[in-house]
Amino acid sequence: MPPIKRTKFKLSNEQLLDMFYWLRLIRAFDERLSILVRQGKVRSGVYTGIGQEAIVVGTCFGLRKEDWICPLHRDLGAFLMKGVEPRVMMSQMFAKTTGLSKGRDSALHSGVNELGIFGNTSMLGANLPVAAGLAFTFTMEQHDNVVVAYFGEGASNVGDFHEALNFAGVHRLPILFVCENNQYAYSVPVEKSMAIDDVADRAESYGFDGVAINGNDVLAVYQATQGALARARDGDGPTLIECKTYRWHGHSEHDKAFYRTDEELAMWKSRDPIPTFTTYLRARHVLDDAKLKEIEAKVTATIDDAVEFAMNAPEPDPGDAVTDLYA
Ligand SMILES: Cc1ncc(C[n+]2csc(CCOP(=O)(O)OP(=O)(O)O)c2C)c(N)n1
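For the sequence shown, our numbering begins at 25 and goes up steadily by one.
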């Protein structure tokens, strides 16, 4: 196995603040969606990633437009960071014509070729062989773009996961497997579905490195990602990054998550990625009260605008249901 290439990174104050903005925006987007679900206004299934934002921000921050992502149901933030306008993403949740699939489907199945976002299917793990196939295309076309494929620890118990990692390892593909280990696959706790502690250990059997990190530390995720991206672009093959985290809400907004304790939730909330990063930025004099107020105002205005736009957008015409079909 080649030695681990570590990439040092230095982010400017502007970049750090940008990261903070994304964390706040993605949290606010999900929080607003959660309220809209309770008001009966959202038509798409909603699987929030509240508590997990550092993973999406840390992995997407250094990506090029030409890199591809294969996001999952909890990764709406990855769509935003890859370039989908909040208005368009919110329209998707309202099933309006201005959404990505023009009102046809839920958010988790939508993709955007021009932005390098692969449209997922519902079958857990099934996005991973496709992601490996995409990465294989990149090697055949001989450019140094990379694929970032997301999955939960639950999906890592499915056969497709193992086939994808094996294929990626054999062909040393430019792919980053990002496990969002949020401790539960629906109601199943991790210890009831895996006999090992770390999903990251599974990478070794396929001939590449796996690392388990604190998925609530945006800079740790960013640093691990940068190293893995550099290796992938240099032809050194895949990496599995397992991000330990927790989802604050139920599996979806209709799940009250009675299978876990209040104490457990409180413990994980104390590790909220946002205050941790806020403290880091304040201690380094990157963020002060005025800047914080400015960012919060921008986040609120962006979300308000997206909701207003989506609510007033036209409904799909039933006659269009059979247009844009691929056959
Ligand atoms: C092959 C397959 N089995 C079961 C399901 C039903 N299902 C949808 S999401 C989910 C839990 C997923 O857990 P995990 O992979 O850990 O991701 P998380 O939702 O925790 O982010 C299940 C069981 C499915 N979609 N596909």
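All C-beta atoms in this analysis are idealised placements derived from N, C-alpha and C, irrespective of residue type, glycine included.
Sequence-distant residues of the same chain with beta carbon closer than 8 Å to residue i, five excluded per side
| i | result |
| --- | --- |
| D312 | R306 |
| E228 | G234 |
| V323 | Y45, R48, L49 and A52 |
| R62 | E277 |
| A351 | none |
| E320 | R48 |
| F160 | F191, H195 and L197 |
| G343 | none |
Pair within 8 Å by beta-carbon distance, residue i and residue j
| i | j | result |
| --- | --- | --- |
| G69 | L132 | yes |
| G82 | Y246 | yes |
| I141 | F103 | yes |
| I327 | P110 | yes |
| R88 | N169 | yes |
| A188 | A156 | yes |
| D241 | P297 | yes |
| L253 | G86 | yes |
| L41 | K315 | yes |
| L35 | M117 | no |
| S211 | Y283 | yes |
Contacts around residue i, its chain only, beta-carbon distance under 7 Å, and the 5 residues preceding and following it disregarded
| i | result |
| --- | --- |
| I79 | V202, E204, G239, V245, C267 and T269 |
| D222 | A236 and E266 |
| D225 | G234 |
| T209 | It should be pointed out that residue 209 corresponds to Ala in this sequence rather than to Thr. So the list reads G176, E177, G178 and S217, once near-sequence residues are dropped. |
| D279 | none |
Residue closest to residue i, alpha-carbon to alpha-carbon, out of the options
| i | options | result |
| --- | --- | --- |
| D91 | V171, P297, L35 and N144 | V171 |
| A248 | T163, T285, I220 and L200 | L200 |
| E332 | F33, V66 and L40 | V66 |
| A192 | Y210, V182 and A173 | A173 |
| V194 | H167, K216 and T163 | T163 |
| L349 | D222, A325, D129 and M113 | D129 |
| E55 | C84, T161 and G274 | G274 |
| N181 | E165, Q166, F160 and A150 | A150 |
| L139 | M105, A345 and R196 | M105 |
| C94 | T72, M117, G143 and M113 | G143 |
| E165 | G259, K216 and M291 | G259 |
| E77 | N137, T300, D341 and K280 | T300 |
| A330 | V112, A219 and H167 | V112 |
| T114 | H167, L60, M147 and V136 | Inspection of the sequence shows that residue 114 is occupied by Met rather than by Thr. Of the candidates H167, L60, M147 and V136, the one whose C-alpha sits nearest the C-alpha of M114 is L60. |
| A355 | G127, G64, M147 and M43 | With the chain represented from 25 up to 351, any question about residue 355 goes unanswered, as that position is not in the structure. |
| L148 | H167, G183, D341 and N137 | G183 |
| M43 | P342, G343 and T302 | T302 |
Same chain only: Cβ atoms within 6 Å of residue i, ignoring 5 sequence neighbours per side
| i | result |
| --- | --- |
| V214 | E177 and Q207 |
| G75 | Y270, R271 and W272 |
| A256 | V170 and P198 |
| S125 | S134 |
| Y362 | This structure does not reach residue 362, given that the chain is present from 25 up to 351, and the question cannot be answered. |
| R196 | G261 |
| G107 | L139 |
| V310 | N37 and L40 |
| Y230 | L189, N190 and G193 |
| W292 | Y270 |
| V136 | none |
| A281 | G274 |
Distance cut-off 7 Å: residue i Cβ against heavy atoms of ligand 2
| i | result |
| --- | --- |
| M113 | Questions concerning ligand 2 fall outside what the structure shown contains, since the ligands it does hold are ligand 1. |
Note to self: Across the stretch 120-135 and the stretch 333-342, are there enough close Cβ pairs to call them in contact, namely three or more that are closer than 8 Å?
What the structure shows: yes
Next item on the list: Assess, as a yes-or-no matter, whether the stretch 261-268 is touched by the stretch 89-98 under the definition of 3 or more beta carbon pairs within less than 8 Å.
Entry: no
Note to self: Threshold first: 4 residues or longer. Then list the alpha helix (DSSP H) segments lying entirely within the stretch 196-268, N to C.
What the structure shows: 242-257
Checklist line | Those runs of the beta strand (DSSP E) which lie wholly inside the stretch 87-125 and span at least 3 residues | finding: 92-94
Check: Can you list the beta strand (DSSP E) stretches of 3 or more residues lying completely in the stretch 266-349, in chain order?
Finding: none
Margin query: Going residue by residue through the stretch 40-95, where are the continuous beta strand (DSSP E) segments of at least 3 residues, counting only ones entirely within it?
Written below: 92-94
Margin query: For a minimum of 3 consecutive residues, which ranges assigned as the beta strand (DSSP E) are wholly contained in the stretch 139-202?
Written below: 171-176
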